[in-house]
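In full-length UniProt numbering, the protein residues as written are 1 to 192.
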C-alpha cells in the first residue's frame, strides 16, 4: 500500500512537471522528514516482529526441555507492548504556496496519510493494542480525503475486530505459553 502510494506520488510529480531539483528547501525538508518518519515506524514494526519471533523460539525451546525440567518460570505471555517511544511527527504539515507547490503539498499530504494509516494498523497488530493506530491517526490530523476516509473506516473496523487488538500470531504464542505453564506443574505433559 505504501509502495503504491509512493509510486503514485512520484508519477503525479512527474505529470505536473515538478522534478525534485525544483522543489526548494522547504519541500525537500518536508519529503525527507516524511521519509524519516516512515523509517522510524518501520523500525518499530521490525522490533515488534522480532519480539514475536523470540517468543516463538522460547516456546519451542520450552517444549524441547519439558521432559527435563518441571518448571515453567521462564515462560511468559506476550503482553500488549508499546513501541518503546512516544510517536511524534513534527513539521510534516507545513504547506507550500505556489501552484506547483500546492499540488506537491497535496500529494505529500495524501501519501503521508495513507502511509501513516497503514503503518498505524500494523503497529497496532504487532503491539497487541489499538493505541498506536489511534495515536498515528490523531497525529495525521484526520482523514478528509474520501478515499482515505473509506480506508480509515475499514482499518478502524479491523482494529476493533481484533481480539483486544491482538494479532493471531500473538494469540497463538500466548495460548501455547498458557498451556505449557498449566501443564508443567500438573504433570500433564501428554496433553500439549
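Idealized CB from N, CA, C, for every residue including glycine.
For residue 119, collect the residues of the same chain with a Cβ closer than 8 Å to its Cβ; drop the 5 residues on either side in sequence, then sort them by chain order.
-> Taking the first residue of the chain shown as position 1, residue 119 is located at position 119. Within the same chain, residue 119 has close Cβ partners 2, 38, 41, 42, 45, 136.
Helix, strand or coil: how does DSSP classify residue 152 here?
-> By one-based count along the chain shown, residue 152 stands at place 152. Three-state DSSP puts residue 152 in a helix.
With 16 other CB atoms within 10 Å as the buried threshold, where does residue 138 fall?
-> Residue numbering aside, residue 138 sits at position 138 when the chain shown is read from its first letter. By the neighbour-count rule (16 or more Cβ atoms within 10 Å), residue 138 is not buried but exposed.
For residue 132, the first and last residue of its enclosing alpha helix (DSSP H) | Residue numbering aside, residue 132 sits at position 132 when the chain shown is read from its first letter. Boundaries of the alpha helix (DSSP H) around residue 132: 131 to 139.
Roughly how many angstroms separate the alpha carbons of residue 32 and residue 20, rounded to a whole number?
-> Residue 32 sits at position 32 when you count from the first residue of the chain shown. Residue 20 sits at position 20 when you count from the first residue of the chain shown. Their Cα atoms are separated by approximately 12 Å.
Reduced DSSP secondary structure (H/G/I, E/B, other) of residue 40 | Taking the chain shown and counting its residues from 1, one reaches residue 40 at position 40. Three-state DSSP puts residue 40 in a helix.
Exposed or buried, what is residue 177 when buried is set at 16 or more other beta-carbons lying within 10 Å of its beta-carbon?
-> Within the chain shown, residue 177 is the residue found at index 177, counting from 1. Buried, because 16 or more other Cβ atoms sit within 10 Å of the Cβ of residue 177.
Compare the Cα-Cα distances from residue 180 to each of 158, 6, 8, 61 and report the closest residue.
-> As a working mapping, residue 180 is identified with position 180 in the chain shown. It is 61 whose Cα lies nearest to the Cα of residue 180.
How is the alpha helix (DSSP H) around residue 3 delimited, first residue to last?
-> Counting from 1 along the chain shown, the entry for residue 3 is found at position 3. That run of the alpha helix (DSSP H) goes 2 to 15.
Determine, using beta carbons only, whether residue 103 and residue 12 come nearer to each other than 9 Å.
-> Translated into positions along the chain shown, residue 103 becomes position 103. Translated into positions along the chain shown, residue 12 becomes position 12. Result yes, Cβ atoms of residue 103 and residue 12 sit closer than 9 Å.
Between residue 48 and residue 123, is the Cβ-Cβ spacing less than 9 Å?
-> The residue you call residue 48 lines up with position 48 of the chain shown. The residue you call residue 123 lines up with position 123 of the chain shown. The answer is yes: Cβ separation under 9 Å.
To the nearest whole angstrom, what separates the beta carbons of residue 5 and residue 114, a pair I think is in contact under 8 Å?
-> Along the chain shown, one-based indexing puts residue 5 at 5. Along the chain shown, one-based indexing puts residue 114 at 114. That belief holds up - the Cβ atoms of residue 5 and residue 114 are roughly 5 Å apart, short of 8 Å.
Whole-angstrom distance between residue 14 and residue 175, CA atom to CA atom | One-based indexing of the chain shown puts residue 175 at position 175. One-based indexing of the chain shown puts residue 14 at position 14. Rounded to whole angstroms, residue 175 to residue 14 spans 51 Å at the Cα level.
Count the other C-beta atoms from every protein chain shown that fall within 10 angstroms of the C-beta of residue 121, then say buried if there are 16 or more, exposed otherwise.
-> On the chain shown, residue 121 is found 121 positions in, with the first residue counted as 1. So residue 121 ends up on the buried side.
Look at the alpha carbon of residue 159 and the alpha carbon of residue 116, and state the distance between them as a whole number of angstroms.
-> Taking the chain shown and counting its residues from 1, the one referred to as residue 159 is at position 159. Taking the chain shown and counting its residues from 1, the one referred to as residue 116 is at position 116. Cα to Cα, residue 159 sits roughly 15 Å from residue 116.
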